[in-house]
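Everything below concerns the one structure shown next.
Residue numbers (our numbering), protein chains in the order written: chain W, 1 to 114; chain A, 115 to 232.
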């Protein structure tokens with residue numbers, strides 16, 4: 001069974017450009033999480049969905065960030081316009097519905113904004 | 115708000131020896147879960163072990179065990195018979211139990227880099 005799939009694995013873009021990160025959760029998982037990892041702030045939750053509905057987006061830094069989950073097998077995280085301070089590794093994770101279950105992480109997308 | 119603190123930025127251990135990584139957390143909740151994740155250079159986040167707060171028995175997974183002290187809000191990870199493949203960044207994480215919003219959210223500590231010497 002495939003794990004969480006993220007694309008692209010690496011993204012280099014210029015400041016001001018739109019960036020879209022993609023995630024396919026594990027089949028059957030109904031919770032999906034987007035995390036960001038930086039040296040300064042560590043790992044922090046940006047947003048998470050349950051049954052395709054955003055539950056908590058309090059970690060989304062600002063209006064430049066948006067996330068969608070149009071169906072149970074796909075989610076996107078979009079940054080528009082991108083800034084150098086958005087450079088980070090972005091992880092997607094999914095979890096079965098029961099409380100306390102493990103979150104399975106994807107390999108991450110390393111984003112560099114020049 | 116819940117916070118997780120890992121006070122050891124770096125630790126090292128000799129192969130086959132035992133090492134303990136420290137973690138403390140702050141919460142007013144009584145129902146929660148604690149996790150240790152491993153992040154090797156590949157950057158893949160891998161679950162090492164989990165502990166339910168309502169369980170008094172410390173969790174164990176092969177060479178990995180925890181010392182869960184609920185009153186002290188301490189959750190340390192012990193790695194026995196350390197192997198070269200254990201070298202990684204280790205993160206302690208907290209997740210509240212059911213009820214209210216944000217129960218699915220993982221709050222991570224800053225991480226501890228573990229070096230294993232042959």
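Ideal Cβ positions, reconstructed from N, Cα and C, are used throughout, including at glycine.
Next on the checklist: Counting C-beta neighbours from all protein chains within 10 Å, is the total for residue 115 (chain W) 16 or more, i.e. buried, or is it exposed?
Outcome noted: Coverage of chain W is limited to positions 1 through 114, which leaves residue 115 (chain W) absent and any answer about it impossible.
Next on the checklist: With a threshold of 8 Å, are at least 3 pairs of Cβ atoms found where one atom belongs to the region 16-28 of chain W and the other to the region 63-75 of chain W?
Outcome noted: yes
Item to check | Proximity winner among W:5, W:78, W:4, relative to residue 63 (chain W) (alpha-carbon distances) | outcome: W:78
Next on the checklist: If we define contact as Cβ-Cβ less than 9 Å, is residue 45 (chain W) a contact residue for chain A?
Outcome noted: yes
Checklist entry - Which residues of chain W have a Cβ atom closer than 7 Å to the Cβ of residue 222 (chain A), listed in chain order? => result 42, 43
Checklist entry - Using 8 Å as the Cβ pair cut-off and three pairs as the minimum, do the region 216-228 of chain A and the region 182-189 of chain A touch? => result no
Item to check | Interface residues of the region 177-194 of chain A facing chain W [CB-CB below 7 Å] | outcome: none
Next on the checklist: With H, G and I counted as helix, E and B as strand and the rest as coil, what does DSSP make of residue 36 (chain W)?
Outcome noted: strand
Checklist entry - Using the C-alpha atoms, what's the distance from residue 163 (chain A) back to residue 169 (chain A)? => result 14 Å
Checklist entry - Quick one: which chain W residues come within Cβ less than 7 Å of residue 161 (chain A)? => result 102
Checklist entry - Does DSSP put residue 84 (chain W) in a helix, a strand or coil? => result helix
Checklist entry - Which partner residues does residue 52 (chain W) have in the DSSP bridge list? => result Note: residue 52 (chain W) sits in no beta bridge, so no partner.
Item to check | Test: residue 50 (chain W) CB closer than 9 Å to a CB of chain A | outcome: yes
Checklist entry - How about the region 136-155 of chain A and the region 189-205 of chain A: do they share at least three Cβ pairs that are nearer than 8 Å? => result yes
Checklist entry - Excluding the five sequence neighbours on either side, which residues of its own chain have a C-beta within less than 7 Å of the C-beta of residue 83 (chain W), listed in chain order? => result 15, 113
Checklist entry - Since residue 105 (chain W) and residue 158 (chain A) are thought to touch, with beta carbons under 8 Å apart, how far apart are those beta carbons, to the nearest angstrom? => result 7 Å
Checklist entry - Apart from the five residues on each side of it in sequence, which residues of its chain come closer than 6 Å, Cβ to Cβ, to residue 43 (chain W)? => result 35, 37
Item to check | Residues that DSSP places opposite residue 153 (chain A) in a beta bridge | outcome: A:203
Item to check | Cut-off 8 Å between Cβ atoms - residues of its own chain near residue 231 (chain A), not counting five sequence neighbours on either side | outcome: 126, 127, 128, 129
Item to check | Test: residue 28 (chain W) CB closer than 9 Å to a CB of chain A | outcome: no
Checklist entry - Apart from the five residues just before and just after residue 141 (chain A), which ones in its own chain have a Cβ nearer than 6 Å to its Cβ? => result 116
Checklist entry - In the DSSP assignment, what are the bridge partners of residue 162 (chain A)? => result Beta-bridge pairing links residue 162 (chain A) to no other residue.
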